[in-house]
Each structure stands twice: as C-alpha cells, then as structure tokens.
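What follows is a single structure, written as structure tokens, with notes after it.
In our numbering, the protein residues as written are 20 to 1052.
Structural data, given as structure tokens:
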C-alpha cells in the first residue's frame, strides 16, 4: 500500500469527519458542567410491608411490597437496597449487634444483607439468598416460613413454618442443620399424655428466645399450644394450652412470665414455674370486652422501674362498633390510650433499655409503621405526645397537586417561616429524635432551599429541601378563607373522658378533602418580599403576606370576569367557593389579604407574581388577568376563548367527556392530518404578528427552513380544544414598543400557540397608591405551527436572562444590560425560537421534532457552575414527554446534553417534575415519594454515611464474613452521558412504576399530558452517596 505523503494535509482530512460544531474545548467544558445523577428519595416509602429495628445500631428498617428495603438512622443516615425479585418484603430482622439483616419475601426466600465500609462510607449489599425447600413431593406448606428468629449467637436462624416444624439454618451461608430441626412430631412425643392430640399443632405463630437463657426458645402454635423447648436437651421444659387461637406471645424481661394474645381479643398471663406441668393462665383479660372483639395480633409486656409494666398491643377493638379502626393501645398504671391511625397498621416496635443485663425494660418510645405514615410516640412524657419526624415525612397526607421550588432563601425569611411553623408544633414532644444510629458524613448544606407542595385539601406545605432530609417547616391552610361543610375550629380528637374505648387520633395522614375545589394548583413565592400567591381548582387566587403575629382581618374579594365581552357561553362546571364575609382569625405565618375570584371558576392554569411592582397575573382556560394587590384593584382581563373551545366550559369536576365525543374528535384529527399530508401549504404560509390592533406579516416567521434530520412540524388547527388555555405568564422590563424606551410588560402564552404582550405603566413609589397601573396590549404573536407555549423568557443585551424582581435591589444579581438589544425566547411544545425585540423578528430556532413524538413538558432557566471556576453559565433545562431531560444553551439554542430520567409511561412523574434554579429537580415516583436528581457537577445532594458495629462486635461470637458475592441492587454511584447504553432499572422507582396502581394514584391528583414513546434510564442504586456542593446557590 503506497504511503501518503504530505502530513500537513491530514488535519484538513480529519476535519471532514468531525461533526459540525464539534469543539473539543467545549466538550471538556460540558463534562465539567453537566453530570446526571439520581441522588435521594424524599418522603415515605410507598406500600410498606415490614418493620425492623436494631437496638444496638439504633437503625430502623422498612421493607415494601415492591421488594425495596430502606434503612434510617440519625438524620442524613439513609440506605436503600432492592431485591432482585420485586416481591413483597414480609419480615425484616436485624441481627443482634451486627451490621447485618435478614429479609423474608413472600416467595419464601431469605436474604442476608450487610453494611460494609468502602471508601470511608457504608454501603448496603446483599450477600446471600436462600429458599427453604422440603423433600420431593412434600406440600408447599411444609416449608412455608411464618416466623423468623435470629438467635443471639448471630450464627443461627430458627424458621417456624406452616407445617408446625421449626428448621434451623446456619449463617452466613444459609446451611440447613437438619439434625437440629424441631419437628411437630418430636414436640408431640415429649408432651404429657393428656396434652397429646394433634389438633394443637398447626402453623408456628411465634418464636422467642429466652431473655436470660439462650438455650431455651419458646414456640407458639396457632391452635393455642405454647412450649418452651430446651435446645441442648431437645425436650419440652414447659407447655401451656389456651382455649383460643394464638396470635402472638412475648416474654417478660426476667423470663418468669409469658403473655399471649388471641383471636378473640383477649390476652393471658402465664407463670413459668416448675410447680405445675400445665398451669392455667395466671390472668385472662379482654381489654375492650365484654362484647365480641377483634383479634389482638401483637402484644408487648415491658417492665418499668416506675410502677406497673407497660402493656402495648395491636387490635382488640370491639368488633361491632370499632372493628374498622386501626389501633394500638398502651396501658400503664391507671392510664390507657388507644392510638387511632387513619391507615392500616403494618407493625410496631418499642424502644427500650438496650443493655440485655438491665433489670427493667423502661420503654421510652413507641414506633408505629402504618400503611401511609410513620408515627413515633414519646412514652416518657405525660400524655404520651407524638415525636416530630426529621425524615420519612408523609408527603401525601393530602394528595399533592402541585409543587414549587425556591432556591437560596434569605436567612430572615427562613427564620420567620420556622418561627411560624414552631407555633404549629406545640403538640409535639420535646424529645430528641431517638433513632440516631450511624454518622452522617455529609457537610452542612451551603444554602437554604424551600420546596412548597400544594395539596388537595387546600393546604401548602413548606419543606426544608436544603439537604438529604426533607423536613416540614410550616403548613399553610387556605380553608379558613372559605365557608366549607366542616367547621375549621372543630377538633376531631375531642372525646369525653368517660368514653370507651379511649381513642386518640394520631398521625397526619388524612386523604379526605372537605371540598375538591379547595385544591391548590399553582404557587408563587417571592423570597425577598415575603409575598406569596396561591391559586386553586375553583378559580380562586389568594395573595398572602408573612406576618409574625396572629391577626383577625377581612380578606378583600375581587371578581375577575374573564368572559365579560363574550356572549352565548355558559359555564357547566363546578360553582365557585363561598368566601367568608367578615373578619377571619389567622395564625402567625402567611396571612391572605386579598382574594381574586375568576369567573367562570375554572382551574387556574398559570400564575406570576411581581413583588416589586405589586402585581399578580393569573390565567385559566378562558383567559388571563392582571391584579394590583397594593391598590387591590383589577388592572385588566383578557379573554382567550376560541369559539370552538366548548370543553373549556365544562370544567374538570363537572363530568367526564363522553366516549362518543372523544372518538368523534379523534376521527376529525385523523382526517385533518390526512388532508394536510396531501395538500401541503406553501412554505411561505404566514404566521401572524399583531402590533397594537394591526396584523403585520413577518418574513422571518414565514420561511421555516428544515434541516435534513428534522421533520416538518404539522400545523395544528385553531379548532383543537383548549386553544385559549393560558399555559404561561411572565413579567419583564424590556423594550416592547420601540428601542429607545423600556417599560414593564406582561407576556402570556396559550395552548393554541398565541403570545400576548401588554405594556404596563407602573406609577413611581411616591405616587403608587394615588395613580392606577395601566396596561395596553402591544403585541400578539401567533406561532405558525400553533403548538402550546410552555415558556417565555427575555434576555438582556448580554443575552443573560432578566433577574428576578428585587434580586438586583438585594445585591444578589447584576443589573440587566439595558443598552444592547433584548431578545425574546418562546418555547413551545415543539420548538424553541428567539425573536429580536421590539420588532419581533425571528432570529434563531431549534426544533424538537427530530426526535419523533417528542414534546416539551417543562422548561426552566438553570445556572450551571463548574467546580474549577467561579463563574458559570445560564442554560435551559428541558423535560420532554418521553421523560428525557435536555440542556439547551442560551442564547444560541445549542443542545448540550441529553439524559433519560423518567420512564415515558410515567405520565404523572413527568407532570409532577419541578426544576431548581441550579440544575437539580424533583419528581414523584409514587404518591408519597419525590425522587431528587441533579444535572450539575457542582450541586449534588445525596446521603453519605457510616455505620460501624465495632463497639458491639464483641457481643456476638459468631461474627464471620460470608463468601464474597456479586452485590445486589443497591445504589451505584455513576453518571450517564448522552448516547450511553442504558442499564435496566435498578432502583425503587422501577419497582414502583411497574405497578399500574401507583401510576393511576399519582395521576388522579396531577394534571399531565398523555405522552408516549421514549427511553428510560435506570434509577441509580447507590447506597454510598456523597453531598458535594462546590459553592453557594
């Protein structure tokens, strides 16, 4: 082969193979700026199924129906693992004194997990798995595990089964010790003659080790027989026979008393004594008799140095009157309380004196895992108050309907919100959080972030989203403004002293809303002024101000008629909420001072607040309006309703669209698409740009040249439903009429691809209360493809997004450049387009339709910083209906990176996504959990923690490491870049989203567009995580 001479020509030849615009320097910078990570899951695990606790490690474990296990210790100490099979976790047992736990799944498999230290931090790994199998031909019940007892030696597991046999398995290899099996036949042969009848043997309901003698275990059978078995002598030491079906049993700490609970709602005390071979119970009691009661499924008898023992049991309620209640009763001395939970109780545990040689249990905390929340009760303080949770918050105590994130909260506002919240927490115990195992290695968050969630019951909750733990700071309720069916001052917990049973409501989960119209749909908080705007399902817009004192004030009411110039329209949806006319008492915190009621009372679809100008803008499916909340007067309203928008008049709560109507619209859409494919309009079909009242055709809007890889955007008909639906509102101080004067302006974008621009005249501060704010429509732009407008942004002369209101006044941002020409960025579902201002001529565009079926669902400006340099760059973070997240550069609209984040089938997760100002985001993976992710290398909030059992290792002689095995699905730190091969889903998100019920449950409370197509990136499953914040947000 001849040599190629002229080495100088090689670079020019190589350039032909480089992609257009490929810049190695830029590629390195992108790697320094962008990195995708799913970091931590906030909230309460969906569908919990098992609870475990380690007194020595002080670690709590929760298992779920999707096969996930989550470990929690001190705030910031969190671990997550997922079984390879998405089966329900039925039991969790943490081995005494060890960083190990055993899980039992509903497929009868056992799994051994351990916390191992790697790189200075602990990781949760699965070491072994095992399934107990019987001899060939044996019935499945022969080895179906019902009870697991880890022996204090840490070497053995005792497994009770449905057949009545107890098998012994050696750890860590899960080796069955067949010679130690305690068969029901062996027990039967060692019973006295009068007790030998097979009816007493069915499944094993309870296994307990003697609290003082590890050579004795207690075996309880479902038919009522209880035996104490000598492990060394293989004999029955004592036996007890109850006339009722056994549910559970426990030892007293000294081993001299047994307490059993039964299916008839009774419990019995049995004295362990050699005087009588088969004693009658010392005492038998039906706590809530004499009428028939439900079963007591679990009981604990705990001694106390302060008098009589604590008796804590689950169930036992009178069947006829309270059979539907989920209760755990605590009895001590003369005090008895039945804690009443709003969701089913999964399990409970009690934190007691950890030293096994101590004389008394001295219980101090009751931990209850319910189906929808975790409740912790202080047993040391009079009245047994609840303990406030630092994590595992029940986010969905009322269904989440919207969310809003605010970064870098000023310290003064932060302290005022916390002060208002602390007044709401007076009913909580002052006890420090008792589950405090492990050490969090994460540094303190560099800034204060708020996540606000709106709920179906009309409340807004303020969460500390600065670090790993999502903590409730303050709850705002808008219910007091309106007249509802229930009295807001009514206390549901009130009960007469003599009433029986002594029920007491606990927990925050309350899925029932007094009125669905109260639901919060939009939230906007100004962190500099303390003004808050919230808007709801029935067209209500409230403006609130933070007040440190309680107040009694009248909320001013203003009606905004969005159909004032239209005739022939009739609203078929729900009625407006009735506001209270007189003074209303408001607690310290955010207090409403004005209510704007949209008519018709449709869902508020967009909201914007400008605290410097004291203006609030709101939009519905009928139009939008502007309100001056300082003078408390309406500035203007604009109807955007199209004559064909009949659906916009029906409302979400009126009735479901008929199937016939839906089919008819689908066929019409199909016909239109066929016709448009045959009869393509000329390339120069004009878009509409209206300045004032005159329409002007702009060549820049007409000629839409297509790149070879992009397909043409198909124009949508103006007859499509909801074209007047206002999707976005935006305030800007920019050049709207001419290039010599800038002025305040309001921009609105609709579902039909129309952008309205209004110039505003805001009087100076000294005449602000005397002169009205005036508005005049300056422009109307019609996008040619009529795609919904999802974002509007104005860039200053340096192509930097305009700062937030009051941001410059607080010296937190540079003043915008008002010398150079400004640019308008319009983001529709299908493309990004930059126009020059004030002429509104097209300058740049980026189409999203190169990816078939891709539509923009969320867009937000984010600042991406580098760890190496102080300055960063502003870019657009974009979420599509395929679940992809893209970063698009400003102002050149160059795609930077693309990551698969949310499954395309997860419509509700996509609808719930919210971006932060610094390249992070949150979305719901279940009704009760947010997944947090980061696009930035500089901002990464995830747990990094250490759990070490060095101080407890000597307690267990059998501390041996098992054979090495491939790690299970624990969280794997790592990144995924554009074009990288996607791994199958490993995190809890995959398990949750494979359950259609989860998707439907979230979808029922969130508005989301129906998307299809796309790839899904697996959730990372790293348990060892790090918080690496390189600067201040």
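Yeah, the Cβ is synthetic: ideal placement off N, Cα and C, and Gly gets one too. If you're wondering where the values come from, they're calculated on a predicted model, not measured in any experiment.
Quick check: residue i and residue j, are their CB atoms within less than 8 Å of each other?
| i | j | result |
| --- | --- | --- |
| residue 659 | residue 556 | no |
| residue 365 | residue 390 | yes |
| residue 857 | residue 755 | yes |
| residue 318 | residue 286 | yes |
| residue 966 | residue 456 | yes |
| residue 552 | residue 626 | yes |
| residue 784 | residue 764 | no |
| residue 360 | residue 384 | no |
| residue 80 | residue 71 | yes |
| residue 572 | residue 493 | no |
| residue 339 | residue 310 | yes |
Where does residue i land, buried or exposed, given buried means 16+ other C-beta within 10 angstroms?
| i | result |
| --- | --- |
| residue 547 | buried |
| residue 790 | exposed |
| residue 793 | exposed |
| residue 590 | buried |
| residue 196 | exposed |
| residue 634 | buried |
| residue 692 | Any reading at residue 692 must be qualified, since the residue scores a pLDDT of 47, below 50, and its modelled position is unreliable; the value itself is stated next. Residue 692 is exposed by the Cβ-count criterion. |
| residue 534 | buried |
| residue 137 | exposed |
| residue 613 | buried |
| residue 91 | buried |
| residue 903 | buried |
| residue 410 | buried |
| residue 519 | exposed |
| residue 742 | buried |
| residue 415 | buried |
| residue 956 | buried |
| residue 334 | buried |
| residue 887 | exposed |
Compute the beta-carbon to beta-carbon distance between residue i and residue j, rounded to the nearest angstrom, for a pair I have assumed lies under 8 Å.
| i | j | result |
| --- | --- | --- |
| residue 243 | residue 264 | 6 Å |
| residue 846 | residue 875 | 6 Å |
| residue 767 | residue 655 | With a Cβ gap of about 11 Å, residue 767 and residue 655 do not count as contacting. |
| residue 478 | residue 419 | Wrong, their Cβ atoms sit about 10 Å apart, outside the cutoff. |
| residue 225 | residue 267 | 5 Å |
| residue 73 | residue 82 | Going by Cβ atoms, the distance from residue 73 to residue 82 rounds to 14 Å, so no, they are not a contact pair. |
| residue 813 | residue 841 | 6 Å |
| residue 640 | residue 744 | 4 Å |
| residue 959 | residue 56 | 6 Å |
| residue 314 | residue 260 | So it is not a contact: roughly 18 Å between Cβ atoms. |
| residue 174 | residue 151 | So it is not a contact: roughly 17 Å between Cβ atoms. |
| residue 109 | residue 131 | About 16 Å; that fails the 8 Å criterion. |
| residue 947 | residue 63 | 4 Å |
Hey, is residue i's beta-carbon within less than 8 Å of any beta-carbon in chain B?
| i | result |
| --- | --- |
| residue 944 | Absent from the structure: chain B. Only one protein chain is present. |
Does any heavy atom of the ligand HEM sit closer than 7 Å to the C-beta of residue i?
| i | result |
| --- | --- |
| residue 374 | Ligands in the displayed structure: none, and consequently the ligand HEM is not present. |
With respect to the alpha helix (DSSP H) encompassing residue i, which residues constitute its N-terminal and C-terminal limits?
| i | result |
| --- | --- |
| residue 887 | Counting along the chain, residue 887 falls outside any alpha helix (DSSP H), and DSSP gives it neither H nor E. |
| residue 206 | 203-208 |
Considering just the uninterrupted stretch of the beta strand (DSSP E) at residue i, what are its terminal residues?
| i | result |
| --- | --- |
| residue 44 | No beta strand (DSSP E) contains residue 44, which is instead part of the alpha helix (DSSP H) from 43-52. |
| residue 330 | 326-334 |
| residue 286 | 286-290 |
| residue 339 | Where residue 339 is concerned, there is no enclosing beta strand (DSSP E), although the alpha helix (DSSP H) it sits in stretches over 338-341. |
| residue 566 | 559-566 |
| residue 554 | 550-555 |
| residue 852 | 850-855 |
| residue 742 | That residue, residue 742, is in no beta strand (DSSP E); it is neither H nor E in DSSP. |
| residue 345 | 345-351 |
| residue 611 | 608-618 |
Which parts of the segment 155-185 are runs of the beta strand (DSSP E), unbroken and 3 residues or longer, counting only runs that do not cross its ends?
Here the runs fully enclosed are 164-169, 175-180.
List, from N- to C-terminal side, the beta strand (DSSP E) runs of 3 residues or more that fit wholly inside the segment 233-284.
For the segment 233-284, whole beta strand (DSSP E) runs of length 3 or above, ordered along the chain, are 235-240, 244-249, 254-260, 265-270, 276-281.
Quick one: which unbroken beta strand (DSSP E) runs of 3-plus residues sit fully inside the segment 896-957? Chain order, please.
You should have 903-908, 914-919, 939-945, 948-955.
Uninterrupted beta strand (DSSP E) stretches inside the segment 61-144 (no shorter than 3 residues):
Runs of the beta strand (DSSP E) lying entirely within the segment 61-144, each at least 3 residues long, are 67-73, 78-83, 87-91, 97-101, 108-113, 119-124, 128-137 in chain order.
Enumerated in chain order, which unbroken segments of the beta strand (DSSP E) with a length of 3 residues or greater are wholly contained in the segment 810-848?
Counting only runs of 3 or more, we get 842-847.
Beta strand (DSSP E) runs wholly inside the segment 354-440, at least 3 long, in chain order
For secondary structure counted as the beta strand (DSSP E) over 3 or more consecutive residues, the segment 354-440 holds these complete runs in sequence order: 354-360, 364-370, 384-389, 393-397, 419-425.
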